[in-house]
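Protein chains in written order, with our numbering: chain F, 85 to 397; chain S, 41 to 334; chain E, 6 to 555.
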């Protein structure tokens, strides 16, 4: 129990540190959101009008006061408003989150399926003759820029072959290409873990014994591979979730989808502090939660770790 | 962003730490040798491009003939020309120095900072380890793309700054790997033996623990090399690229994407060069990792 | 009201005819498929936007994604014919202007209602202009750039409203016709900046032919036709409700995806077709529309506060050293005519300045030699150890700004000038473009079909693109320019305004302050099934008369 408490305590520390680090980083950026939004000559505002706006937004308040104000706001559930659009951050996040969650979850599941397929095929004895090719697939998957992949998929599957529309697609159709775009690079490390696990299972002496006793090859393989690969996969899931948000930035831009990724990218470029703080906190919370669960599951899943505490690879 | 794979294989490389290290049943040394050789060849040629670009092309990478804008690949222009008539092949050759050095800086930043963090926490343990690993957690908790973008904005646009930003985002991956490797090696029999035979902490750490932990880290570094090129390219896609007219690969792919239907060569050919280099880097990484285990 | 008749009018008419034939051709070429050729009611038009809108507050509607929506959701007091640029009745049936243009009296239609059912009367119109003319700092709502010297409003009766100005404001009539003066309902005018922002768009209520019925922040919006709409400008063909049932606006940032979707039949109408894609669109049998923006041309402003550019010969050398024709030929298409002055030939007050804009690289080199800028070993000129290095911003909203500037920097390298394109994040950018020592050359344009547009661009209290007023110490470099610009915005008679505008253009050319590149269009692509495409005077689409035959 004390272990659980300690982990929760650590999680809170990480959250606060991430929040603070993001604030410091944002303060260090040149210019500020009000300047970016209003000091644009295209708006034709006079210097007096700009000065008045700066006062309205309170951007000239000292940084530590802004920090205290933002932190208190967040603690009381008030995430503030976007300077760029004036919209409440809570509203922006609520609208963007479901799309990204859907994309990220499906992307991860698809990546798992893809990885399993690649791993299975590249260890399948009858396909030995193209094994070199199959085994370099994961490397190929991670060597293509994601935006490039997305644009290429659209050109081929939507514009040339006309299989799925990009504009106003149905709920399922609209997910096919973005999910694939997101899943391909993520499947690569998973495929590598699985391939290695399968390889290792075959080298274990007990496999020969079990098979000699009449167990089918598949049964042996999957039982043991699953056992072997589960932990690394779980660990990765924790790390990858934050990364999925990064992948979502590119995917959402290319496919014109609303979501946390695009929201983040626009908020960075406009230095929309309130939005960014909220996104950082959201991402950090997800990361911390997933890792907490993974860490707590570790001893349950791996008997070898039952006596140790706080194992994290 | 494209840092994803870097994190993956790092976990993958650590996975066998708890399993017996034995050569795979189906390993075919000869075939792998050839592909590794080919990979080295790819890397060597782009390094040669970077060192003596003038030897490979005489065309200027920054000025072109406006009359020859958007020409298809031909004997004169191997990779075609861009919208202002510049020779794309020349830009790729001259760009290699920016892209390679960018990737190198990124890997070095991640490697040095990350390994330091990881090795110290793994070797010292206790409170220090706890504190350092929380720092790593924070680095992981902030999405790496967001981290890179913010660092670029703070430091300003430049090849070195962008490379640094990409490197910072990979510190956590190196730190976690280095720590787990150090912890693993520290627990092995021969290190126990070294301590038992009167070895002092620092000496044992330096002589036995670090060298034996570094293979996996080196494999990750080679892998990161390719990943960094992609990450720099993604930053270019989002508008945070090297200042023009720097012929940086990632930026060329990103800028050429608007022409994907009308001038396919602008984004495809530099893209293929990047794919080849990243593939080669991954191959070399895999081969380092194997050697470490064999 | 007063009419202007000057030689300039003939020219702008000529250009307008050119524009009509351009858009007309597309329509007639494709209308053959539509049975008897009459408008077919119904259907949903899929319109692809380049960027997401960020506000529906009309004074912020200069941003195209905002303007495209505001133009269809709101009506204006006066209608400006996009081809002739003449003023016609719309919500105001008639108007009167006093002699020195300090009082405007409008008589309103009495049958107009907002989409929430509330009637449009003099009271609410007055409230509209009180907000647009004065802004509201507490709500961070800005003053409309189009309205100068606003004094206040006076409601004379239910359908008559008068506006007072502290100084002559001859541009006000045109200002009432722009999307920056879109009329909003009483309740909408009480919204804060947040209320006008994304996420609340369905609450922004106008009298226009469409209402916003659905919104997904940052990705899509649905415009639905108002069944009871019956107050289009009398000169328009369609006097009733819009032919379409709905317009679905989808944000599609990637250029290749937007154009690809159009050609693949997934969209009907796309904004921002890049020059390199025009041929692809036309070859597929689709129509390219390129309405002009009728204002200050796409141009480079040379910041006179910078030490290097404070010398006239250097500025003249830059003008002579850039082959503008090559830029237009290489980067753009026929829809981007070479500029012959700071103003577009279709803009009000245009005066030809071609004699000052000739390409002559030898002359450019002579000028630089004489000014003491000598070629250094690296091919870049220098003087007293200072290299002739200049920085230009990339104008993100302008078509192919980056490619054009890349080519220009290649051209300038030929005369020993090192031109760099600023690469920066938004914060650094916002700072740099206001500092003549960081960004010496500013790339921009502004569209508005009124004489005032030139003042908007160059006056020290407006866009100040030349940084004539140094933001650092507020000192004004060229007082004469300021006076000339003020004359444009205060002369009451159109003839005098033409003259004043010509004087400004002459001054800008003689001083070599500006390098105009081309007359900027907004380029749209439409599918063959789309008919009745129309644009307002600064090229925002109007969907009221659009119909589909599918």
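No residue lacks a Cβ here, since even glycine has one placed at the ideal position from N, Cα and C.
Confirm, please, whether the CB-CB distance from residue 185/E to residue 67/E is below 8 angstroms.
In this structure, residue 67/E places its C-beta atom within 8 angstroms of the C-beta atom of residue 185/E.
Which residues, in order along the stretch 295-309 of chain S, keep a beta-carbon less than 8 angstroms from a beta-carbon of chain F?
When C-beta distances to chain F are compared with 8 angstroms, the residues of the stretch 295-309 of chain S below that value are 297, 300, 301, 307, in chain order.
Nearest by alpha-carbon distance to residue 365/F: which of 213/F, 104/F, 334/F, 343/F is it?
104/F
Members of the stretch 105-116 of chain F near chain S, C-beta cut-off 8 angstroms
105, 106, 109, 110, 112, 113, 114
Contact between the stretch 333-352 of chain E and the stretch 529-545 of chain E: three or more CB pairs below 8 angstroms?
Taking a cut-off of 8 angstroms on C-beta distances, the stretch 333-352 of chain E does not touch the stretch 529-545 of chain E, as fewer than three cross pairs fall below it.
Cross-chain neighbours of residue 323/S in chain F, by beta carbon under 7 angstroms
223
Selected residue, minimal CA-CA separation from residue 271/E, among 518/E, 50/E, 213/E, 403/E:
50/E
Can residue 104/F be considered in contact with the ligand GDP, in the sense that its beta carbon sits closer than 7 angstroms to one or more heavy atoms?
The ligand content of the structure shown is nil, which means the ligand GDP is not present either.
How is residue 543/E classed by DSSP in three states: helix, strand or coil?
coil
According to DSSP, is residue 555/E helix, strand or coil?
coil
Could you check whether the Cβ of residue 179/F sits closer than 8 angstroms to any Cβ belonging to chain E?
Chain E places a beta carbon closer than 8 angstroms to that of residue 179/F, counting this residue as a contact.
Residue 158/E in three-state terms, based on DSSP:
strand
What residues from the stretch 165-181 of chain S come within 7 angstroms of chain F, judged by C-beta to C-beta, listed N to C?
174, 177, 178, 180, 181
Just to confirm my understanding: we take residue 242/F, look at its own chain, exclude 5 residues before and 5 after, and list those with CB closer than 8 angstroms. What are they?
248, 249, 250, 261
Spell out the partners DSSP gives residue 141/E in its beta bridges.
Residue 141/E is bridged to 146/E.
Is DSSP giving residue 355/E helix, strand or coil here?
coil
Residues from the stretch 352-381 of chain F in contact with chain E, defined by Cβ distance under 9 angstroms
352, 353, 354, 355
Residue 302/F in three-state terms, based on DSSP
helix
Under 8 angstroms, Cβ to Cβ, is there at least one residue of chain E near residue 165/F?
yes
May I have the straight-line CA-CA distance separating residue 347/E from residue 273/F, to the nearest angstrom?
57 angstroms
Checking 8 angstroms against the spacing of the C-beta atoms, do residue 526/E and residue 244/E come in under that value?
No, these two residues do not count as a Cβ contact at 8 angstroms.
Within 9 angstroms of chain E by C-beta, residues of the stretch 248-282 of chain S in sequence order
279, 280, 281, 282
I want to see whether chain E comes within less than 8 angstroms of residue 249/F, judged by CB atoms only; does it?
yes
Taking buried to mean at least 16 other C-beta atoms within 10 Å of its own C-beta, is residue 198/E buried or exposed?
buried
Using the DSSP secondary-structure output, state which residues sit across from residue 251/S in a beta bridge.
None; residue 251/S has no bridge partner.
Please identify the residue among 165/E, 148/E, 166/E, 170/E whose C-alpha is closest to the C-alpha of residue 156/E.
170/E
In this structure, what does DSSP give as the bridge partners for residue 535/E?
553/E
Spatially closest choice to residue 239/E from 331/E, 83/E, 294/E, by CA coordinates
83/E
Would you say residue 81/S faces chain F, with C-beta separation under 8 angstroms as the test?
no
So, under 8 angstroms CB-CB, residue 306/S and residue 108/S are touching, yes? Tell me the CB distance rounded to an integer number of Å.
Not really, about 14 angstroms apart at Cβ, beyond 8 angstroms.
With a cut-off of 8 angstroms, does the C-beta of residue 203/E fall near any C-beta of chain F?
yes
Just how far apart, CA to CA, sit residue 214/E and residue 92/E?
About 20 angstroms.
Measuring only the C-alpha atoms, how far is residue 140/E from residue 281/S?
Roughly 38 angstroms separates the two Cα atoms.
Looking at the structure shown, is residue 388/E part of a helix, part of a strand, or coil, going by DSSP?
strand
At a CB distance below 9 angstroms, what residues from the stretch 180-196 of chain S approach chain F? Give them in sequence order.
180, 181, 182, 183, 184, 185, 186, 187, 188, 189, 190, 191, 193, 194, 196
What residues in the stretch 279-292 of chain E bring their beta carbon closer than 9 angstroms to a beta carbon of chain F?
none
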